[in-house]
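Shown next, in structure tokens, is the structure this report addresses.
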Amino acid sequence: MNIQIKKFDPTSIDPCRICVFVGRRGTGKSQLVTDILYHQRKIPMGVVMSGTEESNEHYKSYVPDSFIYGQYEPDVIKNIISHQQKMLKKLKPEQKEDFSDPQNSVFILLDDCMFDNKWTRDKDMRCVFMNGRHYRIFFMLTLQYCMDLPPALRGQCDYIFILRENILENKMKLYKHFFGIFPTFDAFNEVLIQCTENYECLVLNVRSTSNKIEDVVFWYKAKVGRKFRIGSRELWEHHQRNYNPNHDTPVENVTNKKKENVVVVKTDTEGKKRRKKKV
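Numbering (our numbering), first residue to last: 1 to 279.
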């Protein structure tokens with residue numbers, strides 16, 4: 001069996017989609033999220049809710065610190081939805097049909113917040129999953145275990161990024177619940193192994209209407225060390241005027257079969273062969 005896996009183009013993600021990143025600690029999850037943020041850096045405003053930011057301060061280089069929270073904050077999500085609802089009423093009809101303009105979007109990053117999964121039952125967060133596209137909300141969620149996300153929310157995701165996974169049971173669940181497009185588990189497993197080496201990841205485009213693996217499944221590797229800031233100039237100026245670095249709370253502000261021989265061919269975005277390996 002020959003399977004061609006092309007390189008994913010992150011610029012193809014509209015700024016109103018739901019992206020889920022699955023990977024254990026040390027697999028490069030934060031760097032991958034940062035890379036995707038880079039490609040959405042024209043979004044003028046947004047928030048980060050991270051359970052590890054207080055200890056590693058990873059996102060403050062890219063997002064104003066006053067818009068970074070150490071846990072899930074339901075009132076902030078409610079305010080964002082309200083803000084976007086008001087914004088949409090001001091748009092012209094043709095603007096309402098354009099989902100690609102980042103200037104009308106807002107981003108939400110929920111990172112390492114599964115220690116308390118109450119947010120999965122929050123009405124406003126469920127609204128983000130179900131209606132976020134219409135509100136122009138670009139939502140990113142990181143998980144260490146794919147099944148932490150309830151089925152009703154899992155089905156609303158647009159892109160799934162899978163990093164290295166060594167536990168067979170977890171691989172089987174990924175295959176069963178996300179990657180059923182592969183004819184067998186063995187085929188999926190070989191693709192997963194080869195496409196998550198060296199901090200690469202496997203990308204599933206859930207939005208694709210194609211039944212072909214090469215149109216749905218991709219590989220990608222984040223570029224480390226990007227220098228950028230996400231958010232408008234006004235957002236950063238608001239932060240500089242109001243933020244008290246000695247305050248603990250952010251200022252108030254306005255996601256048993258026979259094994260087959262599988263040949264995986266990884267190509268770049270132009271279709272040029274990158275690697276061919278027979279297993």
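Here a beta-carbon is modelled for each residue, glycine too, at the ideal position from N, C-alpha and C.
Just to confirm, are residue i and residue j a CB contact at a threshold of 9 Å?
i: Thr184; j: Thr27; result: no
i: Leu235; j: Met45; result: yes
i: Leu163; j: Phe179; result: no
i: Lys157; j: Val20; result: Looking at the sequence provided, one finds Cys at residue 157 rather than Lys. Yes, the Cβ-Cβ distance between Cys157 and Val20 is below 9 Å.
i: Ala187; j: Cys201; result: no
Taking residue i as the reference, which of the options has the closest Cα?
i: Lys78; options: Glu54, Lys123, Pro64, Leu109; result: Lys123
i: Phe182; options: Pro150, Tyr199, Phe218, Arg154; result: Phe218
i: Leu168; options: Ile80, Phe129, Asn189; result: Asn189
i: Phe8; options: Lys171, Arg226, Phe161; result: Phe161
i: Glu165; options: Phe107, Met125, Leu143, His238; result: Leu143
i: Thr52; options: His39, Pro74, Arg25; result: Arg25
i: Asp111; options: Leu88, Glu97, Glu57; result: Glu57
i: Val106; options: Lys221, Ile213, Gln40; result: Gln40
i: Lys173; options: Gln71, Pro10, Val22; result: Val22
i: Gln194; options: Pro150, His177, Tyr220; result: Tyr220
Could you check how far apart the C-beta atoms of residue i and residue j are, in whole angstroms? I think they sit under 8 Å.
i: Ile13; j: Tyr159; result: 6 Å
i: Met1; j: Asn211; result: Contact doesn't hold; Cβ gap of about 16 Å is too wide.
i: Tyr62; j: Thr34; result: 7 Å
i: Val264; j: Ile5; result: 6 Å
i: Tyr243; j: Ser66; result: 4 Å
i: Gln95; j: Tyr135; result: About 14 Å; that fails the 8 Å criterion.
Which residues in the same chain as residue i place their Cβ atom closer than 6 Å to its Cβ, once the five residues preceding and following it in sequence are excluded?
i: Lys42; result: Pro102
i: Val224; result: Gln31
Sorted by chain position, which residues of the same chain lie with C-beta nearer than 8 Å to residue i's C-beta, five sequence neighbours on each side aside?
i: Ser82; result: none
i: Pro74; result: Trp119, Asp122, Asp124, Met125
i: Lys60; result: Glu53, Ile68
i: Leu153; result: Thr120, Arg126, Phe129
i: Ile137; result: Cys16, Ile80, Ile81, Gln84, Ser105, Val106, Phe107, Ile108, Val128, Thr255
Ordered along the chain, which non-local residues of its own chain (more than five positions away) have a Cβ less than 7 Å from that of residue i?
i: Val251; result: Unreliable placement is indicated for Val251, whose pLDDT of 44 sits below 50; the coordinate value is still reported in the next sentence. If we look at Val251 and ignore the five residues flanking it on each side, its Cβ neighbours are Ser66, Asn242, Tyr243.
i: Ile18; result: Phe129, Gly132, Phe139, Gln156, Cys157, Asp158, Thr255
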